[in-house]
Structure formats: C-alpha cells, structure tokens
Amino acid sequence: MTLRSELPLGPLERAFVASLQRLEPDTPEPVLLAAALCCEALASGDVCLPLERLAGRRPWPDADLSMPSLPVWRAQLEASSLIGAPDDYAPLTLVGNRLYLARYQAYEQQLAQQLLTRAVDAPDVDEARLSDSLARLFAFNQQSPDWQRLAAAQAVRRRLAVISGGPGTGKTTTVVRLLAALLEQPGGERLAIGLAAPTGKAAARMAEAIRNAKADLPVSDAVKDALPDEARTLHRLLGSRGDSPKVRHDAAHPLALDVLVVDEASMVDLALMAKLVAALPPKARLILLGDKDQLAAVEAGAVFAELCEGRGFDSQAATDLQRITGQAVPVETPRSRLGDAVVLLTHSHRFAGDSGIGELARRINGGDAKGTVALLQDGRADLAWNATPTSAALIERLEQGYSTYLQAARQTDPSAAFEAFNGFRALTAQREGAFGVTGISEALEARFKRRLGVPARERWYPGRAVMVRQNDYALGLFNGDIGLCLITEQGLRVFFEGDEGYRGFAPARLPSHDSAFAMTVHKSQGSEFTEVLLALPEQPSPLLTRSLFYTGITRAKRKVEIWALPVRLGEAVSTRAERAAGLAERLSSGDTKRTGEGNGLPMPASEPAGDQLSLF
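For the sequence shown, the numbering used here assigns the number 38 to the initial residue and increments by one for each residue that follows.
See below:
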C-alpha cells in the first residue's frame, strides 16, 4: 500500500511513512495516514494525535479524502503490527484515542511517574526554623494570603514545586528568598544548588536577577555567599553533545545537585523536561518557575501549563501551611495528584490596580473579546490601538519609535544605546509578510540606510540591531542575544550586554544572526521593554492565539500599542491554543506506568525534530 502522491505531506512525513512501509508493506492506508498525521501533529506542537479530532473528517481541506469513523479507525490501528500498547515494541503507541510516536508516549509516562514520585516524597524540615525564616524573608509583603511566602514554604517542604505567575508577580524575589530559607535549614550549607533556563539569554537574566537580589536579603553573609549566581542552559546542564542524541547526565549518571531551579519553564518541551527530570537524583528538589498563560515551547508539548492544571490545597495542606506561615489558605480540592506542589502568584507589583495593561491581560486570559475591544477604546494612557493598520503607516510609526535609539547609536556609548533600544520594541506574531519580522526589518533598514547615507547593499552600519540565532559557547553568545552595531576607533563593532559590562565583536566574528528591529513574540519571552508596538497580521493565522496576544502585551512595562484589525484582535482573544497531550490526564488518573523502561524503548536525548524519524 502506498499513499497518494497528491496528498499535502511534507518530506519528513513521507520519509516516516516509507520507513513504516518497509517494516509492513501491506499496511492499510488509514494506518499510514494516521502515522503521517501523528508526525505532522508533533511538528505542530502536539505530543500525540487525538483520533476524534479527525475521525470521519477530511484531514486536509483541499484533499478529496476522509478518515474512517472513530470505531473503524481504531479497529484498523489495533489490528496493525505497527501500532502497539504501551508495553509493546512498536513504532507507534495507542492509548485510548490518543496515537503517539512510541518514544513520546514513553517520555510522557516516564515524566508523569517521576513527577508524582517526587511530589509525594516530603523531605525532613525543621518547621520552627522555616517559620522564622519565612517571617523574616517575606516581612515586606502585606498581601493576604501572601502567595510568595506560601510558594516558598511549599518549595522547602516538597521535592517538587511549580510556581507560576505573570509579569511583576515576583517569581525571582520568591525563588531567591526560598533558596535562602532552604540554606537556613539544618544542613542547608551543604546543599548543591543549580540554576538553569531553556535559553542562554534567560539563564543570564536569571543569574543577574539573583545576584542583584542578594544584597537586600535579611540573612547572614554565609547564606548570601552560598546562594548561586551562575546559571546554565538546560542543554549545557545536561551535557548535550552537538548533534549526538546522547547527553552526559541521565538516570544512570545523575546531576550532582540537591536543588535545581528552572526559570522560564513554560518554554521547556516534553522531551527536554523528561530528560531533565530523569537526570535529577531522586532526593533532589526541583523548582519550576514560569507563567502558565504564556506561549508554550516551540517544540512538542505544553508541560508547564499541564502541571499548573492540577493546583489546589486540600484541608490538610491548608492547615499545615497556616501553622508554618501564619497565612490563612483557601481550601480547594486539587485537580491532580500534584496537588499542593503547584502555587500561583497573583499579585502584580509591576501593574498597579488601575493599569490598563494589567486589565487588558486579565481580559485576554479570560477570553473576553468584547471587553478587550472596549478597554482599548477607553483611552487609557498606557494603551493604544490602531484598528485600521497599513504597512506604510506601520513602517513610518516604527521609524518614529526608533528615532531616539538611532540618535543614541551615533555615539560610542553602548550603555546609552541599549537603554534607548530597550525603550521601544516592535513585536510581531510571525516572521513572514508585511506585518512580520522579515517585512518590517527590511523596510525599516532601507529607510535607516537612506537616512544615514549608507549604500543599500551594505550590511553593517551604525545602529544596526541583530539577534543571534545559534549558541556560540566560545564567544559566550546565545540564541536570542541582542547586539547593537556602533562606530568605535577600531571601526564598527557589535556590542552585547554581559555580566561585566558590554563586549564588542567585529561583525565578521558573529555567529548566524538576523536584523532585530522587529522580533516575534516567541523570541521576546522573558524580555521587558518600556514601550511595545505589537503588530498582528492582516490575514487569519493559526499563530493568532490568546497566549501569543497575552505574552506580547505583557512585554511592555509602561505602554503597549496594538496595530490590528478588529477581526484579527477578536480571533486572537477567542482562540485558545490547546496542544494535544495526555500528561495532565496521567497526573490526574495515576496512569503512570513507566512504559519507556524494560521494553527496549530508548529514552534519547536528541531534540524532538530529530526524534521523529527514529521508529523506536
């Protein structure tokens, strides 16, 4: 059996199907299509293919092809030797109505098992000392209940803590103080603490924030000295080896850590999170920080958001926390067996009660499209909306927005240039198109070159802003780092912010990079700018979701300006990005059999894109 050549399958899907056909030449077309669609779903961010999504429907609108009904399709899949149950040695795994590539099913079940084991294993804690530490470390907070204090208490009392909060809710404040409370516990001075994040930029920002927060802590110098102030990327922490699927640290060679803090955890995909948790010693604490409402990882899975679905304090947890913290805790039945391991920080210190940006974020997350439009029409000082955008008007507005930066870039002061550049930033939903990164950057650069008298073909000029696309550990530059080109006595140099000031490089030394006068909302995660202009595409796009809109507007500290047609704005608010996965269900039901072990399924360390063509 071969698939029809006219079907809109990519080369990856066709290669995968071809490999399956070599294993089982007589495989029925619906089974091969299911495999191709499963691979396609993974590339779109889904961990699995929910059969009910496509059963009895056309998988591609323009193709004259419909899938069988759900009962018929399931029967065909169950009869195929290519599809197995979790314990079977087969390329794909069927769990209920979810079809997985085998290793992603193994990732998911292994991760669920290890998280649940870690969540219920309570370490020994000196409660009296913890109570004293928390009262001193969080004395500045007047909120009731003080969720920062409660999150810190849970992180000390549990081997798993999941702390979610929006911009300005104090995640860094919470983590540095909970680490101080841990160090004040008996034996705390011997703890090996690690800091990590998905990207080099996020790791550097986390380390800098903790270094800055140390000075004001009401603790001894010994505790301050014991607090870590260096962070690594997750890939570097695990010991990734270039293009090899192997990593240095796994269950057999665990990390030498007692505590691991992972910032921007919403950006961590399923495969990487599974490998990370597997590499942690069983008795180590894992503390995940993130924002459940932000965009999920680029790769497959929305692990952090799924973990946050299980939040809730039962009566016993509420009683224990009140005894330790003095805080009255609302009782809520946990929605998963992670239970009180999950804490949400709700009070924003960045956005005051009358903040238009804060209120806009709440309405977007609530899916209130009408309320969002009404708020944008309300004339708030920190909100602006252009409901009739054109590409020509957008470029003119952006040229005006970057005028202060271009003036600063004529000098040789990197500090002034970065301050001006971070004062205004253009964000987009996508890379292509007139309202995308490429279209905006090309149009803006053409204008800037004309203004500066730079030949059109010249790539480098004073004021050019670039974003690094790949990590270069030798130079200490990472994917997402921003560099600004300035004139110096040695000629043009591209400056980057570093731990000890600004570092300049000759343009020819830089790793792969793009111009950065506009950046996607995905790339902006974790960054903050004084003012943001968010441009949404003119045409409908699957990228327009609630989480993208929320993430984009909350990058702004003082003002956000939205350029979007009303219909696109409404689509963004109304569209909730839901990724097909089963982790939340496994954590709820306890279906955590470790099917990745003992059945010959390796747990690889390559990136998901590299996993897809490997059958096992």
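Even glycine gets a Cβ: it sits at the ideal position worked out from N, Cα and C.
Quantities reported herein were computed from a predicted structural model and do not represent experimental measurements.
Hey, is the segment 129 to 149 in contact with the segment 163 to 178, meaning 3+ C-beta pairs nearer than 8 Å? no
Straight-line gap, LEU5 to GLY376 (C-alpha atoms, nearest Å): Outside the displayed span of the chain (38 to 653) sits residue 5, for which this structure offers no information.
Looking only at its chain, what residues have a beta carbon closer than 8 Å to the beta carbon of THR567, apart from the 5 residues adjacent to it on each side? ASN459, GLY460, PHE461, ALA593, LYS594, ARG595, LYS596
Give the DSSP-derived three-state secondary structure of LYS630 in the structure shown. Summary for LYS630: the model assigns pLDDT 49, below 50, so the residue's position carries little reliability; its value from the coordinates is reported in the next sentence. Here LYS630 sits in coil by DSSP.
Quick check: what's the CA-CA separation for LEU114 versus ILE120? 6 Å
With DSSP run on the structure shown, which of helix, strand or coil describes TRP497? coil
Could you pull out every residue in the same chain whose Cβ sits closer than 8 Å to the Cβ of ASP83, ignoring the five residues on either side in sequence? ALA337, ARG616, ALA617, ALA618
Those runs of the beta strand (DSSP E) which lie wholly inside the segment 445 to 509 and span at least 3 residues: 461 to 465, 502 to 505
Pull up the distance between the alpha-carbon of CYS522 and that of SER478, whole angstroms please. 15 Å
How big is the Cα-Cα spacing for ALA288 and VAL314? 9 Å
What does DSSP give as the partner residues of HIS550 in its beta bridges? VAL505
Is the distance from the Cβ of GLN191 to the Cβ of ALA378 below 8 Å? yes
Boundaries (first-last residue) of the beta strand (DSSP E) holding ALA198: 197 to 202
Going by beta carbon distance, what residues of the same chain come within less than 6 Å of ALA80, once the five residues before and after it are set aside? none
Can you grab the Cα-Cα spacing for the pair ARG166 / LEU219, in whole Å? 10 Å
Helix, strand or coil, according to DSSP, for SER428 in the structure here? helix
Mark GLY207 as exposed unless 16 or more other C-beta atoms lie within 10 angstroms of its C-beta, in which case mark it buried. buried
Please report the straight-line C-alpha distance between ALA429 and GLY470, rounded to a whole angstrom. 13 Å
Quick test of your reading: GLU622 and LEU581, contact by CB under 8 Å. State the CB separation rounded to the nearest angstrom. The Cβ separation is near 27 Å, so there is no contact.
8 Å Cβ cutoff met for ILE230 and LEU216: yes
Is HIS272 near ALA316, with beta carbons less than 8 Å apart? no
Mind checking LEU60: buried by the 16 CB within 10 Å criterion, or exposed? exposed
Between THR425 and the rest of its own chain, which residues show a CB-CB distance below 8 Å, the 5 nearest in sequence each way excluded? LEU602
Figure out for me which residue from ALA92, VAL54, ARG417 has the closest Cα to the Cα of GLU77. VAL54
GLU343, enclosing alpha helix (DSSP H) - first and last residue: 340 to 345
Buried or exposed, going by whether 16 or more other CB atoms sit within 10 Å of the CB of SER373? buried
When you compare the CB positions of ALA311 and GLN467, do they come within less than 8 Å of one another, or not? no
Let me know if VAL474 comes out buried or exposed under the rule of 16 or more other beta-carbons within 10 Å of its beta-carbon. buried
Verify whether the separation of the beta carbon atoms of THR362 and LEU197 is less than 8 Å. no
Same chain only: Cβ atoms within 7 Å of ALA239, ignoring 5 sequence neighbours per side: ASP300, GLU301, GLY563
With 16 other CB atoms within 10 Å as the buried threshold, where does THR629 fall? Here THR629 scores only 49 on pLDDT, less than 50, and its place in the model should not be relied on; the value that follows carries that caveat. By the neighbour-count rule (16 or more Cβ atoms within 10 Å), THR629 is buried.
Would you decide whether GLU267 is buried or exposed? Buried here means 16 or more other CB atoms lie within 10 Å of its CB. exposed
Helix or strand or just coil, what does DSSP make of LYS320? coil
So, at 7 Å on beta carbons, what are the nonlocal neighbours of PRO182 in its own chain, with the 5 sequence-adjacent residues on each side left out? GLN364, ALA365, VAL366
Would THR270 pass as a contact of PRO318 if the rule is Cβ separation under 8 Å? no
May I ask you to list the residues that DSSP assigns as paired with TYR137? THR130
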